[in-house]
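K.L.:
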Amino acid sequence: MKRTADSFWEFLDIPLRGGARILLVLLCVPLVLSFYFPLWNIYMKAPQYPKGLTMDIYSYKVEGGNGGADIAEINILNHYIGMKTITREELRDLDWIPFALIGMAMLALRAALLGNVRAMIDLSMLAFYVSAVAFGRYVYMLWEFGHNLDPKAPVEVEPFMPVLIGSKKIANFTTWSSPELGSYLVGAFTAGVWLITLWYLWVGHRESRRAQLAGGA
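Residue numbering for the sequence shown follows the working numbering, beginning at 287 and increasing consecutively.
1. What are the complete alpha helix (DSSP H) segments, minimum 4 residues, inside the stretch 303-346?
2. Go ahead and label PRO440 buried or exposed: buried means 16 or more other beta carbons lie within 10 angstroms of its beta carbon, across all protein chains shown.
3. What's the gap between the Cα of VAL443 and the Cα of ILE367?
4. Would TYR424 be called buried (16 or more neighbouring beta carbons within 10 Å of its own) or exposed?
5. Using the Cβ count rule (16 or more neighbours within 10 Å means buried), how would you classify ILE343?
6. Report the partner residues of GLY452 according to the DSSP bridge assignment.
7. Rounding to the nearest angstrom, what Cα-Cα distance links ILE362 and ASP408 in this structure?
8. What's the C-alpha gap between ALA474 and LEU319?
9. Exposed or buried, which one is ILE308 when buried takes at least 16 other CB atoms within 10 Å?
10. So VAL441 is in the alpha helix (DSSP H); what residue range does that whole segment cover?
11. Compare the C-alpha of THR460 against each of LEU302, ASP436, PHE431, GLY338 and name the closest.
12. Can you tell me the Cβ-Cβ gap for SER469 and ILE328, rounded? I've got them flagged as a contact below 8 Å.
13. Specify the secondary structure class of GLU349 as computed by DSSP and reduced to three states.
14. State whether the stretch 393-406 contacts the stretch 297-314, with contact taken as three or more CB pairs (one from each stretch) at a distance under 8 Å.
15. Would you kindly report the start and end of the unbroken alpha helix (DSSP H) that includes ILE279?
16. Reducing DSSP to helix, strand and coil, say where ASN458 ends up.
17. By alpha-carbon positions, which one of TYR426, MET341, GLU376, CYS314 ends up nearest to PRO465?
18. State the start and end residues of the unbroken alpha helix (DSSP H) segment that holds GLU430.
19. Under DSSP, the alpha helix (DSSP H) around PHE446 begins and ends at which residues?
20. Rounded to the nearest angstrom, what separates GLY507 and SER417 at their Cα positions?
21. Would the beta-carbon of GLY478 fall within 8 Å of that of LEU313?
22. Could you compute how far the alpha carbon of ILE357 sits from the alpha carbon of GLY422?
23. From the DSSP output, which residues share a beta bridge with PRO301?
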């Protein structure tokens, strides 16, 4: 048992190979590019808005279609049913995301230069936590927008959960919501980091088994 534990700790300190280091550097590219593309898109359509209203959520800003005019229209509609005004301040739950993305890129580059298997496991867990927490906070933010309605609003509606993925009809509005390229780029980074880590874990397990068989012989 002690030999197995010692072998595991030694395995964690194995330096990354050249191919893994190059892949880590390349994986930083989609992470950086994610700043230039929206993470999520919300599109609303109704008879009075035949061209629809669009809102894109980036890691650091919220942008409306038609030069930002669509957000103003959406906020007018939100006012009638008592929803909060959509501003960057109201979306402050997402303010930490740019820093998290930059932090992951810096840790990935550090692992590419100086890292070992232990650093890859840490980076993988961080990427998972960031993705899970960001998604969870976004879901909670949507829930708050749909449930914390002003009781004095001109139009009374039942609290509701805004659509997360897919489409949903509320009154005469149909809303579509979907992840956009920015989310897929972050997902590519997370998946790539996990693939490297799992490969090392598989290799480590295989070599450990070989060592045990050789020792038993």
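Where a beta carbon is used, it is the ideal one built from N, C-alpha and C, also for glycine.
P.N.:
Taking the coordinates as given:
1. Counting only runs of 4 or more, we get 304-319.
2. Along the sequence shown, read from residue 1 onward, the residue named residue 440 stands at position 154. That one is exposed.
3. Taking the sequence shown and counting its residues from 1, the one referred to as residue 443 is at position 157. Taking the sequence shown and counting its residues from 1, the one referred to as residue 367 is at position 81. A straight line joining the alpha-carbon of VAL443 with that of ILE367 spans about 6 Å.
4. Locating residue 424 in the sequence shown gives position 138, counting from the first residue. Looking at its Cβ environment, which holds 16 or more other Cβ atoms inside 10 Å, TYR424 is buried.
5. To locate residue 343, count along the sequence shown from 1; it is residue 57. Buried, since its Cβ has 16 or more Cβ neighbours within 10 Å.
6. For the purposes of this step, residue 452 is taken as residue 166 along the sequence shown, with counting starting at 1. Paired residue(s): SER463.
7. In the sequence shown, residue 362 corresponds to position 76, counting from 1. In the sequence shown, residue 408 corresponds to position 122, counting from 1. When rounded, the distance between both Cα atoms is 45 Å.
8. Within the sequence shown, numbered from 1, the residue matching residue 474 stands at position 188. Within the sequence shown, numbered from 1, the residue matching residue 319 stands at position 33. Those two C-alpha atoms are separated by around 11 Å.
9. Within the sequence shown, numbered from 1, the residue matching residue 308 stands at position 22. By the 10 Å Cβ count, ILE308 comes out exposed.
10. In the sequence shown, residue 441 corresponds to position 155, counting from 1. Note, VAL441: premise wrong, no alpha helix (DSSP H); not H, not E.
11. What you label residue 460 is simply residue 174 of the sequence shown in a count that begins at 1. With distances taken between Cα atoms, THR460 lies closest to GLY338.
12. Locating residue 469 in the sequence shown gives position 183, counting from the first residue. Locating residue 328 in the sequence shown gives position 42, counting from the first residue. Rounded to the nearest angstrom, the Cβ distance from SER469 to ILE328 is 13 Å, too far for a contact under 8 Å.
13. Sequence index remark: in the sequence shown, residue 349 carries index 63 (1-based). If DSSP states are grouped into helix, strand and coil, GLU349 belongs with the strands.
14. In the pairwise beta carbon analysis, the stretch 393-406 is classified as touching the stretch 297-314: at least three pairs are separated by under 8 Å.
15. There is simply no residue 279 to check, as the chain begins at 287 and stops at 503 in what is shown.
16. Translated into positions along the sequence shown, residue 458 becomes position 172. Coil at ASN458, not helix or strand.
17. Along the sequence shown, one-based indexing puts residue 465 at 179. Selected option, being the one with the closest Cα: MET341.
18. For the purposes of this step, residue 430 is taken as residue 144 along the sequence shown, with counting starting at 1. GLU430 -> alpha helix (DSSP H) spans 403-433.
19. Translated into positions along the sequence shown, residue 446 becomes position 160. PHE446: not part of any alpha helix (DSSP H); DSSP gives it neither H nor E.
20. In the structure displayed, the chain extends from 287 to 503; residue 507 sits before or after that span and is not available.
21. For the purposes of this step, residue 478 is identified with residue 192 of the sequence shown, where counting begins at 1. For the purposes of this step, residue 313 is identified with residue 27 of the sequence shown, where counting begins at 1. Cβ distance < 8 Å, so GLY478 and LEU313 count as in contact.
22. Residue numbering aside, residue 357 sits at position 71 when the sequence shown is read from its first letter. Residue numbering aside, residue 422 sits at position 136 when the sequence shown is read from its first letter. Cα to Cα, the separation comes out at about 23 Å.
23. Counting from one through the sequence shown, the residue named residue 301 turns up at place 15. In the DSSP assignment, the residues bridged to PRO301 are ASN402.
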